[in-house]
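Residue numbers (our numbering), protein chains in the order written: chain A, 4 to 250; chain B, 197 to 446.
All residues carry an ideal CB built from backbone N, CA and C; glycine is no exception.
Quantities reported herein were computed from a predicted structural model and do not represent experimental measurements.
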Amino acid sequence: MSADHLISVKDLKKYYNGGAIKALDGVSIDIDKGEVVVIIGPSGSGKSTLLRSLNLLEIPTSGTITFEGTDITSKGNDINKFRQKMGMVFQHFNLFPHLTILNNMTLAPRKLKHESHEESEKFARELLNKVALGDRADAYPSQLSGGQKQRIAIVRALAMRPDVLLFDEPTSALDPEMVGEVLDVMKDLAREGMTMVVVTHEMGFAREVGDRIIFMDEGRIVVEGTPAEIFGQTDNERLKTFLAKVL
Amino acid sequence: MYLYQLSIEDWWKDLKDTFVLNFIADDRYMLLVKGLGNTFLVTLGATFLGIILGVLVALVRSTYDKNISDMRPGFGKGFLIVLNKIASAYLTVIRGTPMLVQLMIAYFVIFVSIAQHKTIVAIIAFGINSGAYVAEIIRSGIMSIDPGQFEAGRSLGFNYAQTMLYIIIPQALKNVLPALANEFIVLIKETSVSCYIGLHDLTKGGEIIRSRTYTAFMPLLAVAIIYLVIVMFFTKLVGILERRLRNSER
Ligand SMILES: Nc1ncnc2c1ncn2[C@@H]1O[C@H](COP(=O)(O)OP(=O)(O)OP(=O)(O)O)[C@@H](O)[C@H]1O
Ligand SMILES: [Mg+2]
C-alpha cells in the first residue's frame with residue numbers, strides 16, 4: 004500500500020540531452036515516516052538528481068513521486084505546498100546573506116504559513132538553542148563558520164516544521180574539524196524520529212544512523228539494505244569496488 | 197608700471213561688473229537656482245521611474261532566460277514570450293536612438309496633450325530612457341546571484357515570484373547599488389538636453405541669463421562649475437557607498 008509510505012517513488016527517470024545522459028534510469032523507492040535513508044554511490048551516479056527530484060527541484064522525465072498520498076508529479080498540484088513540508092539542506096548551505104540568522108529562519112514561516120513575528124521568532128530561538136547557536140540570532144551568515152552555517156541551514160529548514168528533511172552532502176563543503184558538529188545535529192534529529200533522506204560520503208554516519216542504505220550507480224539503485232547488509236559481506240562487485248575506495 | 201596697474205584694475209572692475217550683471221542684477225542667480233531645482237526634480241523622478249521600469253524589464257528578461265527551455269507549451273509560455281519580445285524591443289529602440297530625439301518625440305508627438313507640464317514630460321522621457329540602462333544593470337545583478345539562493349528559496353516553498361521578491365531582488369539591488377548610483381550621476385548631466393523642450397533646468401537657467409545679458413562666458417562657466425561640483429560630490433558619495441558595501445560583505 005503506497006499510501007502508507009511517506010514518500011513513494013515509482014520508476015523515476017531523468018534524462019538529459021534527449022536521453023544521451025540517463026541521470027536516473029528507473030528508480031523506485033519507498034520511504035517511511037521516521038526512517039533515515041542514506042544514499043551512497045560514486046560521483047555521477049544520480050544521488051543528487053534523485054534527492055532533488057523528491058521535492059521537484061529537478062523535474063523527472065517520467066515516473067511518479069507520491070508524497071503523503073498525493074502524486075506530486077501530476078499536473079495541477081501546487082508543488083509549493085508540498086515543498087513546505089519537505090525541508091532541504093544543501094552542500095553549500097545557501098543561507099540568505101542579506102538577512103540575519105533569525106530572519107533567515109522566520110522568513111518562510113511568516114510569509115508562507117502566516118505565523119506572527121512573535122510566534123515564528125519564539126520557535127526559531129528554540130531551534131537555535133537546540134543547535135547551540137542561540138547567541139547568534141542577530142548575526143549575518145557571513146559572520147559564521149561553515150559548521151555554524153550548516154547548523155543554521157538545518158534549523159532554517161526545521162522552522163517550517165517539515166515532515167521530511169532532504170540532505171545533499173551536508174558536510175562535503177566543511178573543514179574536517181567542523182563535520183562532527185553538523186553530523187551530531189543530524190544524529191539528534193534522527194533520534195527524535197525525524198524522517199531524513201541523506202546523500203553523503205560519511206560512511207560512519209551511514210552505518211551508525213542509517214536505517215536503510217541505498218547504493219546507486221549509473222542512475223539505478225544497485226543494492227538496498229540495512230547498514231549491516233551493506234557494510235557486511237556483499238557479493239555485489241560494484242558495491243565492493245565503491246566501498247574499497249571510500250572506506 | 198602705472199599703465200600695468202591701471203589695466204589690471206580695469207580688468208578686475210570689468211570682471212566684477214560682468215559678475216554683477218549676470219548674477220546679482222535682477223536677482224539673476226535665481227534663474228540658476230530654479231534651474232538646479234528642476235534638474236534635480238527631473239533626475240530624481242527619472243531615476244525612480246527608471247528603477248521601476250528597469251526591475252520589471254530585468255525580471256521579464258531573466259525569467260525568460262532561466263525558464264523558457266523547461267516550460268511546457270501553454271498560455272504561460274506564450275505570455276512570457278510576448279513579454280520578452282516587448283522588453284527586447286524596448287531595450288533595442290531606447291538604446292539605439294539618441295536621448296534628444298526621444299525627448300523631442302515625447303514632447304512634440306506623444307505627450308502633446310500635457311505639453312505645458314514640461315517637467316512631467318521630461319521625467320517620463322528620461323525615466324523611460326534610463327529604465328533601459330537600469331534594466332541591464334539589474335539583470336546582471338540578478339544573474340550574479342548564486343543559483344543556490346534560488347533553490348533554497350524554492351525548497352522552502354516560496355513560488356517563483358516570492359523567491360525573486362524576498363531573496364533574489366534584494367541581493368541583486370544591493371550588488372548593483374553603486375552602478376545604479378552612477379546611472380543617477382549620468383542622468384544629472386544628461387537631463388541638460390531638456391532645455392531643448394524649453395524646460396527651465398540648470399542649463400536653461402544659464403541660457404536665459406546669456407540671452408538677457410549678452411555675455412556667454414560667465415553664465416555658461418557657472419553652469420559648468422555647478423554640474424561639476426554636483427557630479428564630484430555624488431561620485432565621492434558612491435565611493436563611500438561602495439566601500440561600505442564591500443566591508444559589510446565580510
Ligand atoms: N543539468 C544537467 N545537465 C546535464 N547532465 C546533468 C545535469 N545534472 C546532472 N547531470 C548528469 O547526471 C548524472 C547524475 O548527476 P548527479 O549530480 O545526480 O550525480 P551525483 O551522484 O550526485 O554525483 P556527485 O557525487 O558528484 O554529486 C551525471 O552524469 C551528471 O553529469
Ligand atoms: Mg551530488
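Asked: Phe93(A) versus chain B: which residues are under 9 angstroms apart at the beta carbon?; Found: Gly344, Glu347, Ala348 and Ser351
Asked: Shortest alpha-carbon distance to Pro179(A) belongs to which of Glu205(A), Ile157(A), Thr229(A) and Arg194(A)?; Found: Glu205(A)
Asked: Just to confirm my understanding: we take Phe307(B), look at its own chain, exclude 5 residues before and 5 after, and list those with CB closer than 6 angstroms. What are they?; Found: Val317
Asked: Between Met199(A) and Leu168(A), is the Cβ-Cβ spacing less than 7 angstroms?; Found: yes
Asked: On the criterion of 16 or more Cβ atoms from any shown chain inside 10 Å, does Asn20(A) qualify as buried, or is it exposed?; Found: exposed
Asked: Give me the Cα-Cα distance between Ile338(B) and Gln345(B), rounded to the nearest whole angstrom.; Found: 11 angstroms
Asked: Helix, strand or coil for Ser148(A), going by three-state DSSP, please let me know.; Found: coil
Asked: Please confirm if Glu140(A) has its CB atom under 7 angstroms from at least one CB of chain B.; Found: Rather than Glu, the amino acid found at residue 140(A) in this sequence is Ala. No, Ala140(A) does not count as interfacial toward chain B.
Asked: Kindly indicate which three-state DSSP category Val12(A) falls into: helix, strand or coil?; Found: strand
Asked: Going by DSSP, name the residue or residues bridged to Met91(A).; Found: Leu169(A)
Asked: Residues of chain B with a CB under 8 angstroms from the CB of Lys114(A): which are they?; Found: Phe354, Gln358 and Tyr362
Asked: Judging by CA-CA distance, which residue of Glu129(A), Ser123(A), Leu110(A) and Glu71(A) is the nearest neighbour of Gly349(B)?; Found: Leu110(A)
Asked: Report back the beta-carbon spacing between Ile304(A) and Leu136(A) to the nearest angstrom; my notes put them in contact at under 8 angstroms.; Found: The displayed coordinates of chain A run from 4 to 250. Any statement about residue 304(A) would go beyond what the structure contains.
Asked: For a test of the three-state rule: what should DSSP assign to Arg139(A), helix, strand or coil?; Found: helix
Asked: Alpha carbon to alpha carbon, how far is Asn355(B) from Leu240(B)?; Found: 33 angstroms
Asked: Answer with yes or no whether the minimum CB distance from Pro366(B) to chain A is below 7 angstroms.; Found: yes
Asked: Is there a Cβ of chain B sitting closer than 7 angstroms to that of Asn97(A), yes or no?; Found: yes
Asked: Closest to Met108(A) by CA distance: which of Gln94(A), Phe234(A) and Pro144(A) is it?; Found: Pro144(A)
Asked: Give a yes or no on whether the C-beta atoms belonging to Phe170(A) and Val92(A) are separated by under 7 angstroms.; Found: yes
Asked: Checking the sheet assignment: what are the DSSP bridge partners for Glu211(A)?; Found: Answer is none; Glu211(A) lacks a bridge partner.
Asked: Measure the C-alpha to C-alpha separation of Ser5(A) and Asp35(A) and round it to an integer number of angstroms.; Found: For Ser5(A), the pLDDT reaches just 46, beneath the cut-off of 50, and the residue's location in the model is therefore unreliable, although a value from the coordinates is still provided. C-alpha separation (whole angstroms): 10 angstroms.
Asked: Using 8 angstroms as the cut-off, can you tell me whether the stretch 274-294 of chain B makes contact with the stretch 327-335 of chain B, which would need three or more C-beta pairs spanning the two stretches below that distance?; Found: yes
Asked: Compare the C-alpha of Arg128(A) against each of Val158(A), Ser11(A), Gln151(A) and Asn97(A) and name the closest.; Found: Val158(A)
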